[in-house]
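All remarks here apply to the structure that follows.
Protein chains: 2
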Amino acid sequence: MDDRTGQRIVPETARRPENRYGNRPTMKDVAARAGVGLKTVSRVVNGEPGVTPDTERRVQEAIDALGFRRNDSARVLRKGRTASIGLVLEDLADPFYGPLSRAVEEVARAHGALLINGSSAEDPDREQELVLALCARRVDGLVVIPAGDDHRYLEPEIKAGVATVFVDRPAGKIDADVVLSDSYGGARDGVTHLISHGHRRIGFIGDMPRIHTAVERLRGYRAAMEDAGIPVEDAWMSLGVTDPVRVRRAAEEMLTGPSPVTAIFAGNNRVTVTVVRVLAEQSRRIALVGFDDFELADLLQPGVTVVAQDAATLGRTAADRLFRQLDGTLIAPERIELPTRLITRGSGELPPSD
Amino acid sequence: MDDRTGQRIVPETARRPENRYGNRPTMKDVAARAGVGLKTVSRVVNGEPGVTPDTERRVQEAIDALGFRRNDSARVLRKGRTASIGLVLEDLADPFYGPLSRAVEEVARAHGALLINGSSAEDPDREQELVLALCARRVDGLVVIPAGDDHRYLEPEIKAGVATVFVDRPAGKIDADVVLSDSYGGARDGVTHLISHGHRRIGFIGDMPRIHTAVERLRGYRAAMEDAGIPVEDAWMSLGVTDPVRVRRAAEEMLTGPSPVTAIFAGNNRVTVTVVRVLAEQSRRIALVGFDDFELADLLQPGVTVVAQDAATLGRTAADRLFRQLDGTLIAPERIELPTRLITRGSGELPPSD
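This is the structure we're talking about:
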């Protein structure tokens, strides 16, 4: 995980021997299994009249048995329906997803497709409900920022040809394309930066422990501390919801405990903006590095040093892969990890206050 | 437009004599016109087999003639399909829409419905394409932040029972529910505030002149100046795209012209954040009031005085009305205008620098 000189492409181990899209059942397969003609299958699939209830049932049974799902761009274009892709976010109000969504939308538009968004509100059940609702509405592909950690519910859709790319966090329990930032390396860089400015008592405030990026960033924090030979105290680490009340309490406890921190590493932009508020109220100067850049970070006093992700490139890369899946030029799922970038602006270069 | 003591509800003049939803054609109407039974209409509408091509054509002609569209929540629930509503934004990356989207989503969720978003990217054609694509995907209702100024294309959908509420900006050329902020009054308040602190040469930088809110806010600026007996110079007013390059040039021209401004009123949050940057580079102190609150405005030096809209209440009010349309308890379109709130933080209370 050390050579972060640029974008890395790591082929995922294929758990299924067959090509993910190559074995997609066709209408011909359905017709053969049901013992009917292709036109009959077409009528049933497209909801056209002229099929007896008995025949329809036989076709439907074959469709279910084979996992057939009508879905190909050519058909869509023939029917005059607008192609569309879905984007499942975790929070519509998190500014991190703004540039990511817009980048996905721009790629979709370049391919003549509409983008439809929805939010899981960080709820795995809601994510599944939304993903399946989008599939039922015949999106051609999905870009998913997953809330859950088990995506086996998506396998029938993927097998049936719905292109799928995960972004920001990996898929759980299925092979799927994933595009993410190097959370581990970025956090390690940010904490190492604080250590290089003389800090030893450094706090970490992150998102909920079931979220992949939160765990990876905590791992990066621990690695930087271990590299520097600094034992980490439990009181310096806090994972949980990113609402201002929880983050404020976590920051205040670290700042006032028996072994108070002189610097804080904030695990994402939602955490950082609350920590900025808390630090503005302190009498001593506390150093801060935040994961994620945010608007106006450079105009605060001091400017906020951040580990920046490139949200637009995450979105664009994911969407590009989606359309490459759809046009058949991408076969095996891969994991693409984008590097982060440390931007120094003042808050991360403050010396320890004691 | 003067009595802004709270939320105002103004019944829109009904241009059509009939109730917007009361005359919605039913399957019975279609059956009568086509001379077939109700079951046959149901088969055609639901794409079920057992109808001859000739009969199907007759039913389809009746559907087209009457403008019938199957769409009612009861049917949706019977079929087990998840109810959904669509939200059409103008820019996925504008933070103003974050709390608005989340509020719409929360109301949708409380009604057991999914929210599907899309962005028009401020393009009227794109708006229409997206709206119709969402209708084709059987959303039960639409919350629209319009990019265009002619929404007659929506009339067949509305007649067919798609609930529709416009938010932030009114619909064009149709009667429809609209929920918006008092842009005129808010801008007038903000500019009056600058005048009360001694400013007479005040600049206005707003969004594109075809956008309703931009025009209303400019009107508020002009009214405040006229109330104070201050003649407005053309060089003090600039409308256009809100990208940083255009806004920066506009601000710099006002600050260096023959009659340089001592204060700027920024027409929305996208404009404000660029003006904040420009003002931070000036040698003299320029006062600033911005329309829209934004994150960290209070932590800048000086804090940024704003005319705040309540984006969450805009979204919640619009979504509430949408579901009241769907459950039949709302009949006539109304225009609801929410008051704005001046929040003083320092930048708007600076005296003129000359």
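Line by line, the protein sequences give chains A and B.
Using my numbering, you'd call the opening residue of the first sequence number 1 and step up by one each time.
Using my numbering, you'd call the opening residue of the second sequence number 355 and step up by one each time.
Where a beta carbon is used, it is the ideal one built from N, C-alpha and C, also for glycine.
Quick caveat, the model's predicted, so the values are computed rather than measured.
Using 8 Å for Cβ pairs, my map puts residue i next to residue j. What's the rounded Cβ distance?
i: G495 (chain B); j: Q679 (chain B); result: 7 Å
i: P209 (chain A); j: L255 (chain A); result: At roughly 22 Å, the Cβ-Cβ gap does not stay under 8 Å, so P209 (chain A) and L255 (chain A) are not in contact.
i: T628 (chain B); j: R602 (chain B); result: 6 Å
i: G440 (chain B); j: G472 (chain B); result: 7 Å
i: D674 (chain B); j: V461 (chain B); result: 6 Å
i: E216 (chain A); j: S183 (chain A); result: 4 Å
i: L442 (chain B); j: L484 (chain B); result: According to the sequence provided, residue 442 (chain B) is Val. The question's Leu does not apply to it. That pair is a contact at about 6 Å.
i: A34 (chain A); j: V51 (chain A); result: Not quite, the Cβ-Cβ distance comes to about 11 Å (not below 8 Å), so this is no contact.
i: E566 (chain B); j: R523 (chain B); result: For the sequence presented, residue 566 (chain B) should be read as His rather than Glu. Their Cβ separation, rounded to whole angstroms, is 4 Å, which keeps H566 (chain B) and R523 (chain B) in contact under 8 Å.
i: P49 (chain A); j: P403 (chain B); result: 5 Å
Looking at residue j and residue i, is the spacing between their C-beta atoms short of 8 Å?
i: G481 (chain B); j: A501 (chain B); result: The amino acid occupying residue 481 (chain B) in the given sequence is Glu; Gly does not appear at that position. Taking 8 Å as the Cβ cut-off, E481 (chain B) and A501 (chain B) qualify as a contacting pair.
i: P351 (chain A); j: G112 (chain A); result: no
i: I528 (chain B); j: E444 (chain B); result: no
i: A297 (chain A); j: R345 (chain A); result: yes
i: A641 (chain B); j: S701 (chain B); result: yes
i: V276 (chain A); j: E252 (chain A); result: no
i: R137 (chain A); j: R463 (chain B); result: no
i: W236 (chain A); j: R200 (chain A); result: no
i: G557 (chain B); j: V615 (chain B); result: yes
i: V586 (chain B); j: R600 (chain B); result: no
i: V143 (chain A); j: A318 (chain A); result: yes
i: I116 (chain A); j: I470 (chain B); result: yes
At a cut-off of 7 Å, is residue i close to the ligand ZN when judged by its beta-carbon and the heavy atoms of the ligand?
i: G257 (chain A); result: Absence of the ligand ZN from the depicted structure is noted, as is the absence of any ligand whatsoever, leaving it without description.
Grab me the residues of residue i's own chain with a C-beta within less than 7 Å of its C-beta, minus the 5 sequence neighbours each way, in chain order.
i: C135 (chain A); result: E157, V162
i: L654 (chain B); result: V630
i: T409 (chain B); result: V390, T394
i: K28 (chain A); result: L38
i: A568 (chain B); result: G560, D561, M562, L593, G621
i: A525 (chain B); result: P500, H505, V532
i: Q636 (chain B); result: L609
i: I797 (chain B); result: Here chain B comprises residues numbered 355 to 708, so residue 797 (chain B) is not present and cannot be evaluated.
Please work out which residues of its chain come closer than 6 Å, Cβ to Cβ, to residue i, disregarding the five sequence neighbours upstream and downstream, and give them in chain order.
i: I697 (chain B); result: V660, A662
i: R624 (chain B); result: T596
i: P478 (chain B); result: A501, G502
i: E122 (chain A); result: E90, A147
i: E703 (chain B); result: H551
i: G669 (chain B); result: L454, A457, V458
i: R639 (chain B); result: L704, S707
i: P302 (chain A); result: G346, S347
i: F323 (chain A); result: H111
i: Y375 (chain B); result: Confidence is the limiting factor: at Y375 (chain B) the pLDDT is only 35, short of 50, which leaves the residue's position unreliable and the question unanswerable from this model.
i: I230 (chain A); result: R200
i: V76 (chain A); result: Unreliable placement is indicated for V76 (chain A), whose pLDDT of 40 sits below 50; the coordinate value is still reported in the next sentence. Closer than 6 Å at the Cβ level, and outside the excluded window around V76 (chain A), lie A83.
Closer than 8 Å by C-beta to residue i: which residues in its own chain qualify, once you throw out the five before and the five after it? Chain order, please.
i: R78 (chain A); result: At R78 (chain A) the pLDDT is 36, less than 50, meaning the model places this residue with poor confidence and gives no usable figure here.
i: A65 (chain A); result: R33
i: T192 (chain A); result: A224, D227, A228
i: T795 (chain B); result: There is simply no residue 795 (chain B) to check, as chain B begins at 355 and stops at 708 in what is shown.
i: E509 (chain B); result: I528
i: I295 (chain A); result: In the sequence as presented, Ile is not what sits at residue 295 (chain A); that position holds Glu. Closer than 8 Å at the Cβ level, and outside the excluded window around E295 (chain A), lie P95.
i: R43 (chain A); result: P49, G50, V51
i: E61 (chain A); result: A34
For a contact defined as C-beta to C-beta under 7 Å, what are the partners of residue i on chain E?
i: A517 (chain B); result: In the structure shown, chain E cannot be found, because the protein chains are A and B.
How do the segment 539-547 of chain B and the segment 511-519 of chain B stand: do at least 3 beta-carbon pairs fall below 8 Å, yes or no? no
Does the segment 291-298 of chain A come into contact with the segment 253-273 of chain A, if we say contact requires no fewer than three beta-carbon pairs (one atom in each stretch) closer than 8 Å? yes
Mind the definition here: the segment 325-338 of chain A touches the segment 176-185 of chain A only if three or more C-beta pairs lie below 8 Å; say whether that holds. yes
Touch check for the segment 241-261 of chain A and the segment 326-333 of chain A: three-plus C-beta pairs under 8 Å? no
Are the segment 308-316 of chain A and the segment 91-99 of chain A touching, with three or more C-beta to C-beta distances below 8 Å? yes
Along the chain, which unbroken stretches of the alpha helix (DSSP H) at least 4 residues long are found entirely within the segment 553-595 of chain B? 566-581
Hey, which unbroken runs of the beta strand (DSSP E) at 3 residues or more fall wholly within the segment 280-312 of chain A? 287-291, 305-308
Would you mind listing the beta strand (DSSP E) stretches within the segment 471-535 of chain B that are 3+ residues and don't spill past its ends, in chain order? 495-498, 517-521, 531-535
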